[in-house]
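**Student:** My numbering puts the last residue of the sequence shown at 313; the count rises by one with no breaks. Don't be surprised by glycine CBs; every beta carbon is placed ideally from N, CA and C. First the structure, then my questions, so here it is.
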Amino acid sequence: MAGVSRLQYTTEARLIRVMCSGRVDLEFVLRAFSNGTDGVFIGGCRLNECNYITHGNYHALNMVLLCKRIMEHIGLNPDRLRIEFMSSAEGILFAEVMSKFGNKMKELGPLGKGEGIDQNELKSKLAEIRKLIPYIKLVKQDKLASRLENPEEYDKLFTKDEIDKLLSEVISYYIDPEKCQACMTCAKRCPVEAILSAKNQVHVIEQEKCIKCGTCFEVCPTKFSAVTKISGAPVPPPLPEEKRTIVRKKKEKGETDKE
Ligand code: SF4
Ligand code: SF4
Numbered sequence: 055m056a057g058v059s060r061l062q063y064t065t066e067a068r069l070i071r072v073m074c075s076g077r078v079d080l081e082f083v084l085r086a087f088s089n090g091t092d093g094v095f096i097g098g099c100r101l102n103e104c105n106y107i108t109h110g111n112y113h114a115l116n117m118v119l120l121c122k123r124i125m126e127h128i129g130l131n132p133d134r135l136r137i138e139f140m141s142s143a144e145g146i147l148f149a150e151v152m153s154k155f156g157n158k159m160k161e162l163g164p165l166g167k168g169e170g171i172d173q174n175e176l177k178s179k180l181a182e183i184r185k186l187i188p189y190i191k192l193v194k195q196d197k198l199a200s201r202l203e204n205p206e207e208y209d210k211l212f213t214k215d216e217i218d219k220l221l222s223e224v225i226s227y228y229i230d231p232e233k234c235q236a237c238m239t240c241a242k243r244c245p246v247e248a249i250l251s252a253k254n255q256v257h258v259i260e261q262e263k264c265i266k267c268g269t270c271f272e273v274c275p276t277k278f279s280a281v282t283k284i285s286g287a288p289v290p291p292p293l294p295e296e297k298r299t300i301v302r303k304k305k306e307k308g309e310t311d312k313e
């Protein structure tokens, strides 16, 4: 509507259309910041006026509230991310909000510089957080499905302490080489092929690939219980490849003869 009515608003904005604001993933926002975008604005339909039964605008709102806390955790000003709800007929409102957002970004200055964060440090912090996105979404799935009716509840959905704790006590998964029996169950179920697997070889989790979904922990047979959770401590280094072969005890002679 703003375009059709030839309304003027900030010229620095680049529009990306999506079918629903709920399609805007946490990854998209953090990727935009990783690419040096100074601010991200998300425009969604008015709450409770969603065209889809999914009410994606609530998802977008919750994602933004979470992302703002993550931004605070890494030292970015959370005002660089904003969400507003309006109908497609509200062109004047859109133009006003966009202009205000553009002015706010000018006031804050370039991403990172405005906050006094070294550019390389910021890039590496964002890269670390982006690797944790599946984990964050899994741990916070209940809150991410909330439907907050009252704006006064927004700030309470995720607290700074909660997100600081979440990000400083990230869980890692480790396969104990003394316990692994190479049954391959975990490797078959890992959604991102992060487990180095071979017959009769102790299995090893590639920490760089692991998205911390916890599936390996859940599926490792109880009789082996080889997968452990590690929180707030470094993961032991992987067993060298040449030491991964599992030497199984030979069957007793009597047993062999019966076969
Ligand atoms: S936690 Fe999930 S992603 Fe990581 S190794 Fe286990 S199954 Fe794979
Ligand atoms: S499921 Fe457990 S015992 Fe089986 S390969 Fe994985 S870690 Fe080893």
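Would you tell me roughly how many angstroms separate the C-alpha atoms of Arg85 and Phe95, rounded to the nearest one?
**Tutor:** Those two C-alpha atoms are separated by around 14 angstroms.
**Student:** Identify, in the order they occur along the chain, each residue of the same chain with its Cβ nearer than 8 angstroms to the Cβ of Val193, setting aside the five sequence neighbours on each side.
**Tutor:** Taken in chain order, the residues that qualify are Leu220.
**Student:** Out of Cys74, Met152, Lys158 and Val273, point me to the one whose CA is closest to Arg68's CA.
**Tutor:** Nearest option by C-alpha distance: Met152.
**Student:** Return the chain-ordered list of same chain residues with a C-beta closer than 6 angstroms to the C-beta of Pro292, the five sequence neighbours on each side being excluded.
**Tutor:** So the list reads Val258, once near-sequence residues are dropped.
**Student:** At a cut-off of 7 angstroms, is Tyr227 close to ligand 1 when judged by its beta-carbon and the heavy atoms of the ligand?
**Tutor:** Checking the Cβ of Tyr227 against ligand 1 gives yes.
**Student:** Could you tell me whether the Cβ atoms of Asn131 and Glu169 are closer together than 8 angstroms?
**Tutor:** The answer is yes: Cβ separation under 8 angstroms.
**Student:** Residues in the same chain with beta-carbon distance under 6 angstroms from Lys167, minus the five sequence neighbours each way, listed in chain order, please.
**Tutor:** Here the set comprises nothing.
**Student:** Taking the continuous beta strand (DSSP E) assigned at Tyr227, which residues delimit it?
**Tutor:** Run containing Tyr227: Ile225 to Ile229, per the beta strand (DSSP E) assignment.
**Student:** What number of angstroms, rounded off, separates the C-alpha of Thr91 from the C-alpha of Ala241?
**Tutor:** Each residue's Cα considered, the two are about 38 angstroms apart.
**Student:** Determine the extent of the beta strand (DSSP E) in which Arg71 is found, giving its start and end residues.
**Tutor:** That residue, Arg71, is in no beta strand (DSSP E); it is neither H nor E in DSSP.
**Student:** Please determine, among Pro231, Arg71 and Cys237, the residue with the shortest C-alpha to C-alpha distance to Gly97.
**Tutor:** Checked all of Pro231, Arg71 and Cys237; the closest Cα to Gly97 is Arg71.
**Student:** Can the beta-carbon of Tyr228 be found closer than 8 angstroms to that of Val289?
**Tutor:** Yes; because the gap between Cβ atoms is below 8 angstroms, this pair is in contact.
**Student:** Report the option in Cys104, His109, Phe87 and Val78 whose CA atom is closest to the CA atom of Ile137.
**Tutor:** Ranking Cys104, His109, Phe87 and Val78 by Cα distance to Ile137 puts Val78 first.
**Student:** Provide the residue span of the beta strand (DSSP E) that contains Arg136, from first to last.
**Tutor:** Where Arg136 is concerned, the enclosing beta strand (DSSP E) stretches over Leu135 to Phe139.
**Student:** For the candidate residues Glu175, Met140, Cys104 and Ile146, whose alpha-carbon lies nearest to that of Gly129?
**Tutor:** The shortest C-alpha separation from Gly129 is found at Glu175.
**Student:** What runs of the beta strand (DSSP E), each 3 residues or longer, lie entirely inside the region 190–257?
**Tutor:** Runs found: 225–229.
**Student:** If you drop the 5 nearest sequence neighbours on each side, which residues of the same chain put their C-beta closer than 7 angstroms to that of Lys297?
**Tutor:** Nothing meets the Cβ criterion.
**Student:** So, is Asn116 buried or exposed, given that buried needs 16 or more other C-beta atoms within 10 angstroms?
**Tutor:** Looking at its Cβ environment, which holds 16 or more other Cβ atoms inside 10 Å, Asn116 is buried.
**Student:** Do you know offhand how far Pro275's Cα is from Gln195's?
**Tutor:** C-alpha separation (whole angstroms): 26 angstroms.
**Student:** Which first and last residues belong to the beta strand (DSSP E) in which Lys283 is found?
**Tutor:** Unbroken beta strand (DSSP E) run through Lys283: Val281 to Ser285.
**Student:** Exposed or buried, what is Thr302 when buried is set at 16 or more other beta-carbons lying within 10 Å of its beta-carbon?
**Tutor:** Note that residue 302 is Arg in the sequence shown here, rather than Thr. Arg302 is exposed by the Cβ-count criterion.
**Student:** May I ask you to check if the CB of Pro275 is nearer than 7 angstroms to at least one heavy atom of ligand 2?
**Tutor:** Indeed, a heavy atom of ligand 2 lies less than 7 angstroms from the Cβ.
**Student:** Look at the alpha carbon of Ser226 and the alpha carbon of Glu260, and state the distance between them as a whole number of angstroms.
**Tutor:** Using only the alpha carbons, I get a separation of about 11 angstroms.
**Student:** Roughly how many angstroms lie between the CA atoms of Thr310 and Cys237, to the nearest whole one?
**Tutor:** Residue placement at Thr310 is flagged as unreliable, the pLDDT there being 47, under the threshold of 50; the coordinate-derived value follows with that caveat. Going from the Cα of Thr310 to the Cα of Cys237 covers about 22 angstroms.
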